[in-house]
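Undergrad: Order-wise, the sequence lines are chains A and B. Quick note on the numbering used here: the first sequence kicks off at 2 and runs consecutively. Quick note on the numbering used here: the second sequence kicks off at 15 and runs consecutively.
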Amino acid sequence: MKKINLYKTYLNMEKEEVILSFKGDITKDLLSSIYQIIENRLEHDAEDQKRKKKFYHVLVECLQNMYHHMESLKEIPNEGGKQAASAIFTICRSNDGGYKILTGNFILTENVEGLKERIEYINNLDPVSLKAYYLEKLNSNELSDKGGAGLGIIDIARKSGNRIEYDFEEVNTPYSFFTLAAKIN
Amino acid sequence: MDKLIIEGTNKTPYISFDNTTGNLEISGKSIPENSFSFYQPLNQWLEEYRVAPAQVTTFNVILEYFNTSSSKCLLDLFRILEKIQNTGKSSVTVIWNFEEGDDDMEEAGQDYSQLINGITFKYVTIPS
């Protein structure tokens, strides 16, 4: 029998300076609780107000981006049947005193190329063009099926001031796993 | 028509729209996952207000945070106010409040003022 021991997980999370990590079903209530936990924590952190605000803002966009992905993908196939699609996220401090937010969720592989192109396009814009692109999307009548006109990803890049890191891994036809990482300096 | 009062929650803002005084206020946080259902009644109220607005309309925006899905809905509210201003029935001013040093929130107000014509935006800093 395998011994139960979380020490390695603990050490790993300690090393990565994990503030909060969760894997499972992403519901509105869960997100409310997460915001509350983070708000309480930030209140007790005597540090840069600006950075805190940016972090909170980017966190909300990252988690809601994941939530909307999940909404459009209720279940994924599993060996011998289907399972509710769950997702994962981790919020860490980074060694330079900033924050890192990682989210991971399933998407349809057929949507990978489009999403990749969008992120790459955004990553290659300088701050001035990024703002112009944001305003253009905000002012357009075009809405995505999630109702956000795809503003979330642009805003994550804008507010974090960093390139969006990402990865796609094809896991189980027709699904891929999408990892997104945003860093706030 | 009646005043519109909505109490704030940890994801949605406090709303107080008064048609007799023309004082409209939105304050707190606006980070719901689906903003459209929250903002729909606000749009409806403003459309009704547009028919017979007060001589002076003041929209006081005191938001601590708002997400991108709210940003689209806020623009829709500004668009209705723009129509009210342009019909000459009411003189509309937006008071955009932001915490001292919150450059992102200040910039968000300026962004809206660029997209909206004919409405005066006043910026007020709240001491942090």
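We put the CB at the ideal spot given by N, CA and C, even for glycine. For clarity, every value in this text was computed on a predicted model and none was experimentally measured.
Decide yes or no for the touch test of the segment 39 to 50 of chain B against the segment 70 to 77 of chain B: beta carbon pairs closer than 8 Å, at least 3 of them.
TA: In short, these stretches touch, since the Cβ pair count reaches three.
Undergrad: If the cut is a Cβ gap below 9 Å, which residues of chain A does isoleucine 133 of chain B touch?
TA: Result: empty, since nearest Cβ-Cβ is about 15 Å, beyond 9 Å.
Undergrad: To which residues of the same chain is tryptophan 59 of chain B closer than 6 Å at the C-beta, ignoring the five residues directly before and after it?
TA: For tryptophan 59 of chain B, where only same-chain residues beyond five positions count, the Cβ hits under 6 Å are Leu18 and Phe31.
Undergrad: Can you tell me the Cβ-Cβ gap for isoleucine 140 of chain B and valine 108 of chain B, rounded? I've got them flagged as a contact below 8 Å.
TA: Contact doesn't hold; Cβ gap of about 16 Å is too wide.
Undergrad: With DSSP collapsed to three states, give me the class of alanine 66 of chain B.
TA: If DSSP states are grouped into helix, strand and coil, alanine 66 of chain B belongs with coil.
Undergrad: Any C-beta of chain B within less than 7 Å: which residues of the segment 152 to 184 of chain A qualify?
TA: So the list reads Leu152, Gly153, Asp156 and Lys160, given in the order they occur along the chain.
Undergrad: Leaving out the 5 sequence neighbours to the left and right, which residues in its chain are closer than 7 Å to glycine 162 of chain A when beta-carbon positions are compared?
TA: Here the set comprises Asn186.
Undergrad: Any Cβ of chain A within less than 8 Å of the Cβ of lysine 25 of chain B?
TA: Closer than 8 Å: yes.
Undergrad: Skipping 5 residues on each side, what residues in its chain have a beta carbon closer than 8 Å to that of arginine 159 of chain A?
TA: So the qualifying residues of the chain are Pro128, Leu131, Lys132 and Tyr135.
Undergrad: What in chain B is Cβ-close to asparagine 140 of chain A, meaning under 9 Å?
TA: The answer, in chain order, is Leu89 and Leu129.
Undergrad: Compute the distance between the beta-carbons of serine 142 of chain B and leucine 139 of chain A, then report whether it is under 8 Å.
TA: Result no, Cβ atoms of serine 142 of chain B and leucine 139 of chain A do not sit closer than 8 Å.
Undergrad: Taking 8 Å as the cut-off, does the segment 90 to 110 of chain A touch the segment 52 to 65 of chain A (at least 3 CB pairs, one atom from each stretch)?
TA: Because the criterion of three Cβ pairs below 8 Å is met, the segment 52 to 65 of chain A and the segment 90 to 110 of chain A touch.
Undergrad: I'd like to know if serine 85 of chain B contacts chain A, where contact means its C-beta is closer than 8 Å to some C-beta of that chain.
TA: For serine 85 of chain B, the answer is yes, since a Cβ of chain A falls inside 8 Å of its Cβ.
Undergrad: Roughly how many angstroms lie between the CA atoms of isoleucine 27 of chain A and glutamine 99 of chain B, to the nearest whole one?
TA: When rounded, the distance between both Cα atoms is 43 Å.
Undergrad: Looking at chain B, which residues of the segment 115 to 140 of chain A have a Cβ within less than 7 Å of any of its Cβ atoms?
TA: Residues passing the 7 Å Cβ filter: Leu136, Leu139 and Asn140.
Undergrad: Tell me whether leucine 152 of chain A is buried or exposed, calling it buried when 16 or more other Cβ atoms sit within 10 Å of its Cβ.
TA: Flag for leucine 152 of chain A reads buried.
Undergrad: Does the CB of histidine 58 of chain A have a neighbour CB from chain B at under 8 Å?
TA: Closer than 8 Å to some Cβ of chain B, the Cβ of histidine 58 of chain A qualifies, so yes.
Undergrad: In or out: valine 106 of chain B buried (at least 16 other Cβ within 10 Å) or exposed?
TA: That one is buried.
Undergrad: Roughly how many angstroms lie between the CA atoms of aspartate 146 of chain A and phenylalanine 135 of chain B, to the nearest whole one?
TA: Low per-residue confidence applies at aspartate 146 of chain A: pLDDT is 48, beneath 50, and the placement is therefore not dependable, though the value from the model is reported in the following sentence. When rounded, the distance between both Cα atoms is 32 Å.
Undergrad: Using the rule of at least 16 other Cβ atoms within 10 Å of the residue's Cβ for burial, across every protein chain shown, is alanine 66 of chain B buried or exposed?
TA: Alanine 66 of chain B comes out exposed.
Undergrad: Can you tell me whether tyrosine 126 of chain B is buried or exposed, with buried defined as 16 or more other CB within 10 angstroms of its CB?
TA: Under this definition tyrosine 126 of chain B is a buried residue.
Undergrad: Since leucine 116 of chain A contacts isoleucine 108 of chain A with CB under 8 Å, what's their CB separation in whole angstroms?
TA: Confirmed, Cβ separation roughly 7 Å.
Undergrad: Using the C-alpha atoms, what's the distance from aspartate 117 of chain B back to methionine 67 of chain A?
TA: If you take the alpha carbons of methionine 67 of chain A and aspartate 117 of chain B, they lie about 27 Å apart.
Undergrad: To the nearest whole angstrom, what separates the beta carbons of asparagine 57 of chain B and leucine 91 of chain B, a pair I think is in contact under 8 Å?
TA: That pair is a contact at about 7 Å.
Undergrad: Since valine 61 of chain A meets chain B, which of its residues come closer than 8 Å, beta carbon to beta carbon?
TA: What valine 61 of chain A touches in chain B: Ile45, Tyr79 and Asn81.
Undergrad: Between the C-alpha atoms of glutamine 50 of chain A and glutamate 113 of chain B, what's the straight-line distance to the nearest angstrom?
TA: Approximately 10 Å between the Cα atoms of the pair.
Undergrad: Mind checking glycine 102 of chain B: buried by the 16 CB within 10 Å criterion, or exposed?
TA: Exposed, because fewer than 16 other Cβ atoms sit within 10 Å of the Cβ of glycine 102 of chain B.
Undergrad: For leucine 7 of chain A, is the classification buried or exposed, using 16 other Cβ atoms within 10 angstroms of its Cβ as the cut-off for buried?
TA: Classification for leucine 7 of chain A: exposed.
Undergrad: What are the boundary residues of the alpha helix (DSSP H) that asparagine 13 of chain A is part of?
TA: Note, asparagine 13 of chain A: alpha helix (DSSP H), 8 to 16.
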